[in-house]
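For reference, the structure discussed in these notes is given below.
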Amino acid sequence: MGVMRIGHLSLKVMDMAAAVKHYENVLGMKKTMEDKAGNVYLKCWDEWDKYSVQLKKADAAGMDHVAYKVEHDADLDALQKRIEAAGVKTTMLPEGTLPSTGRMLQFKMPSGHEMRLYAMKECVGTAVGSDNPDPWPDDLKGAGSKWLDHVALVCELNPEAGVNKVAENCKFFKECLDFYLSEQIVVGPGGAVQAAAFMFRATKPHDIAFLPGPSAGIHHASFFLDSWEEVLKAADVMAKNKVKIDVTPTRHGITRGQTIYFFDPSGNRNETFAGLGYLAQPDRPVNTWTEENLWRGIFFHSGEATPSFTEAYT
Amino acid sequence: MTNGVRHQVRIVQTGETYACAESETLLQGMARIGRKGIPVGCLNGGCGVCRISVPVGQVRCIGPMSRTHVSEDDEAEGICLACRVTPVASVEIDVVGKLRKALTFNWGAPGAARGPDASRIHATKET
Chain A
807 MGVMRIGHLS LKVMDMAAAV KHYENVLGMK KTMEDKAGNV YLKCWDEWDK YSVQLKKADA
867 AGMDHVAYKV EHDADLDALQ KRIEAAGVKT TMLPEGTLPS TGRMLQFKMP SGHEMRLYAM
927 KECVGTAVGS DNPDPWPDDL KGAGSKWLDH VALVCELNPE AGVNKVAENC KFFKECLDFY
987 LSEQIVVGPG GAVQAAAFMF RATKPHDIAF LPGPSAGIHH ASFFLDSWEE VLKAADVMAK
1047 NKVKIDVTPT RHGITRGQTI YFFDPSGNRN ETFAGLGYLA QPDRPVNTWT EENLWRGIFF
1107 HSGEATPSFT EAYT
Chain B
81 MTNGVRHQVR IVQTGETYAC AESETLLQGM ARIGRKGIPV GCLNGGCGVC RISVPVGQVR
141 CIGPMSRTHV SEDDEAEGIC LACRVTPVAS VEIDVVGKLR KALTFNWGAP GAARGPDASR
201 IHATKET
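These protein sequence lines are chains A and B, in that order. Whatever position you read off the first sequence (first residue = 1), add 806 for our numbering. Whatever position you read off the second sequence (first residue = 1), add 80 for our numbering.
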């Protein structure tokens, strides 16, 4: 019932050929289709629906929208009522608005990011199929990412002006979409300001993250790997492909994930992320990171801020 | 290794100078030898942190720059991203990026820094 998981990310890219090459050769996704407008759709090998990334040609980088899949078609009507009751306008986009995709409930998060919910997307199966499947396919490229894991969105935080879109999104996702909070960063006098929120619907530590910044944007899109060994290999793949690595392999305190941050050819930040961390459950106590420890939460080994990680987002 | 003609780059704000090959961008040329002065972000024209103007000399654009950070008017005035331009002559550059920092907090007077939902954090912790 309700939201199951992240379904797809629509990402704006400035050079389509370079973007497709990056998502195929570095991340290891496969192109599954292209629409009349020239948008390209890709999936990871262990995903079963037709696409998890839509690349959209644009004159700027950034996120167009993020979509989450709900279990039943009727969930869309129920969620529409709850979202509208919270004072958020919605539009039901008809089936076929995106290829191979059913009707989509479109609305804006309190932070201004466009979100869509859908129940149907063409199922094409994983690369190993479902009948007596092998553990992995033979034709993996690059990092061989298994699935689009989560997105982290930059939300406006300006406490002096009374603006905290991180906290507003957290409240909205909790009250309207039944997401749970797994971890948070609190800052300011007495830790009174919720400056970052990590939320889940499934059993991973997060399906979406909200990070603070001066204006809305996307901080990163994250792709799942199985192990630390695969994270190291992914970094080798990036170096071989001369991909700009933002943060070399390390561990997060928050979510316990093992990570690399890097940039796609349009400057959108990607992450390869390994480790399921812990079993996220609605009754699990929320982990809270305080201001003096927030960089230990983000980069557990160094415990320090890195300039590009804070300055660059799209 | 980079080959070919090199040009002197001077960063007006810091006085820093370095030699940059025609085959690399102003930002790559600076970062590769460990110099500082221009903020380094995505290196791919998307994030805008390396926004510069070029009052002296000439550069060549080698890839798309996000219109969020370099408008058509900006471009006409010689504003560009250091990660997307290579030198074709000796250049002086002015760093004009407005650094917007995520995950960085400058608190004002105690008590002033409160978001609208600050009170609910404690409620959330109890769930």
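Backbone N, C-alpha and C fix where the C-beta goes; we use that ideal spot for every residue, glycine too. This one's a predicted model, so the numbers in the text were calculated from it and none came from an experiment.
Quiz item: How is the beta strand (DSSP E) around lysine 971 of chain A delimited, first residue to last?
Solution: Lysine 971 of chain A: not part of any beta strand (DSSP E); member of the alpha helix (DSSP H) spanning 971 to 983, first to last residue.
Self-check item: Per-residue contacts from histidine 1025 of chain A into chain B (C-beta, under 7 Å)
Solution: Contact of histidine 1025 of chain A with chain B by beta-carbon distance below 7 Å involves Ala182.
Quiz prompt | Length of the line joining the Cα atoms of valine 89 of chain B and valine 826 of chain A | solution = Roughly 34 Å separates the two Cα atoms.
Quiz prompt | Beta-carbon contacts of tyrosine 1067 of chain A that lie in its chain and below 8 Å, excluding the five residues immediately before and after | solution = Cβ contact annotation for tyrosine 1067 of chain A (same chain, cutoff 8 Å, sequence separation greater than five): His1026, Ile1051, Asp1052, Val1053, Arg1075, Asn1076, Glu1077 and Phe1115, in chain order.
Quiz prompt | Min CB distance glycine 125 of chain B to chain A below 7 Å | solution = True, the Cβ-Cβ gap to chain A drops below 7 Å.
Exercise. Measure the Cβ-Cβ separation of histidine 814 of chain A and aspartate 1070 of chain A and say whether it is below 7 Å.
Key: Taking 7 Å as the Cβ cut-off, histidine 814 of chain A and aspartate 1070 of chain A do not qualify as a contacting pair.
Quiz item: Do you know how far the Cα of aspartate 937 of chain A is from the Cα of lysine 181 of chain B?
Solution: Going by C-alpha positions, lysine 181 of chain B is about 49 Å away from aspartate 937 of chain A.
Practice problem: In angstroms with no decimal places, state the Cα-to-Cα distance between alanine 1001 of chain A and valine 993 of chain A. | Solution: Distance from the CA atom of alanine 1001 of chain A to the CA atom of valine 993 of chain A, rounded to whole angstroms, is 6 Å.
Quiz item: Span of the alpha helix (DSSP H) holding valine 129 of chain B?
Solution: Run containing valine 129 of chain B: none; DSSP gives neither H nor E here.
Practice problem: Could you name the residues of the same chain whose beta carbon sits closer than 8 Å to that of threonine 207 of chain B, not counting the 5 residues immediately before and after it, in chain order? | Solution: The pLDDT assigned to threonine 207 of chain B is 32, lower than 50, so where the model puts this residue is not dependable; a value taken from the coordinates is nonetheless given after this. If we look at threonine 207 of chain B and ignore the five residues flanking it on each side, it has no Cβ neighbours.
Exercise. Could you work out which residue in A:Leu954, A:Ala1008 and A:Gly948 is closest to phenylalanine 985 of chain A when comparing CA atoms only?
Key: Closest option to phenylalanine 985 of chain A, Cα to Cα, is A:Ala1008.
Quiz prompt | Bounding residues of the beta strand (DSSP E) (the contiguous stretch that carries leucine 183 of chain B) | solution = Going by DSSP, leucine 183 of chain B is part of no beta strand (DSSP E) at all; its letter is neither H nor E.
Practice problem: Throw me the rounded Cβ distance for the phenylalanine 978 of chain A and proline 916 of chain A pair, which I believe falls under 8 Å. | Solution: About 5 Å; that satisfies the 8 Å criterion.
Exercise. Compare the beta carbon distance of cysteine 122 of chain B and glycine 1073 of chain A with 7 Å and say whether it is the shorter of the two.
Key: Cβ distance < 7 Å, so cysteine 122 of chain B and glycine 1073 of chain A count as in contact.
Quiz item: Does the pairing of the segment 830 to 841 of chain A with the segment 865 to 873 of chain A give three or more beta-carbon distances under 8 Å?
Solution: Because the criterion of three Cβ pairs below 8 Å is not met, the segment 830 to 841 of chain A and the segment 865 to 873 of chain A do not touch.
Quiz item: To which residues of the same chain is proline 965 of chain A closer than 7 Å at the C-beta, ignoring the five residues directly before and after it?
Solution: Gly994 and Val999.
Self-check item: Outcome for glutamate 989 of chain A when other beta-carbon atoms lying within 10 angstroms are tallied against a minimum of 16
Solution: Glutamate 989 of chain A should be labelled buried.
Exercise. Give me the Cα-Cα distance between histidine 87 of chain B and glutamate 104 of chain B, rounded to the nearest whole angstrom.
Key: When rounded, the separation of the alpha-carbon atoms in histidine 87 of chain B and glutamate 104 of chain B is 11 Å.
Quiz item: When the cut-off is 7 Å and only beta carbons count, does arginine 112 of chain B lie next to chain A?
Solution: Arginine 112 of chain B has a beta carbon lying at 7 Å or more from every beta carbon in chain A.
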